[in-house]
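Below is one structure, written out as structure tokens; comments come after it.
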Amino acid sequence: MNFSELMRAVRGNPNDVVVPSHWGQGRAGFGGLAAALVYEAMRAKVPAGRPVRSLAITFVGPLAVDTPVSFEVEVLREGKAVSQVLGRAVQDGQVVTLVQGSFGGARESAIKVEAELAPAMKPAEEAMELPYVKGVTPEFTQHLAMRWAVGGMPFTNTPKRQMGGWVRFRTETEARPVDEADLLALVDAWPPAVLPHLRQKAPGSSLTWTIEFVQPAPTLSTLDWCQYLAEIDHAQDGYGHVAAKLRTPSGELVAISRQTVAVFG
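For the sequence shown, UniProt numbering assigns the number 1 to the initial residue and increments by one for each residue that follows.
Shown next as structure tokens:
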């Protein structure tokens, strides 16, 4: 199943979805997919005209692959313009992913501040792609392609603050407009920006993740290469704090991300 098929599965029956092993990441399912599935279940409970503005995601435990998972959604409050929604992914009676989302309709405002210009970056055509190698790279990377243009790849002893490049879907063969579920996968495809600092392989995973979406969303296709750039704010004692931005190929800001990551090395 590709990404689109999994999104259709959760829309069709949120009480019984199975994430295949080819969407795995170490001993768990890919976190970006877990967040996207919860978000897709949440979006179904929100009135039309209220796009998602921000999500706060906690990975409580590993999402097991090839095992049924159900999705629970609770609307905490529905105001005149904003809906506050809580979503959970549950396996064997235990919450594995928790998402709190704010969905809000547009309102008139005198304030308008444009995003900063995109940083200069080597074109996707010239950047080095991380190949999918079974048993070496995470299984989910067969569905998502990343090309490095800034910083080093994981475990290459490259102690730089920034890491990034270009990302897009591999297995979405038909062009369609990108939505916020897609953006969750594209942003979280990248490994923690602290991993290039290591000399040898060690596990690392997201502990908490907040992501904000620019609305109205810029035009973006599932076949486009998106620009991604992450910067380490601080890292010590096995934890790193990383901020990142995702942009369209032409440099328009799409999403702003911040993660706390745990590193076991």
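Where is the CB? At the ideal position from N, CA and C, for every residue including glycine.
The beta carbon of Pro119 is closer than 7 Å to those of Leu229 in its chain, skipping five residues each way along the sequence. Our two residues, Pro216 and Gln200, have alpha carbons roughly 42 Å apart in a direct line. The residue among Val69, Gly101, Val113, Leu76 with its C-alpha nearest the C-alpha of Val95 is Val69.
In the DSSP assignment, Ser4 falls within the unbroken alpha helix (DSSP H) covering 3 to 12.
Sequence-distant partners of Ile256 (beyond 5 residues in either direction) whose C-beta falls short of 6 Å from its own C-beta, in its chain, are Glu212, Lys245. Taken in chain order, the whole beta strand (DSSP E) runs of length 3 or more contained in the UniProt domain "Acyl-CoA thioesterase-like C-terminal" (126 to 263) are 144 to 150, 162 to 169, 204 to 213, 226 to 236, 239 to 247, 253 to 263. Nearest C-alpha to Glu231 among Leu98, Pro14, Pro196: Pro196. If you draw a straight line from the Cα of Phe3 to the Cα of Asn13, it comes to about 16 Å. By the Cβ test, the region 124 to 134 is not in contact with the region 97 to 113, since fewer than three Cβ pairs between them sit closer than 8 Å. CA-CA distance, Gly152 to Val52, rounds to 33 Å.
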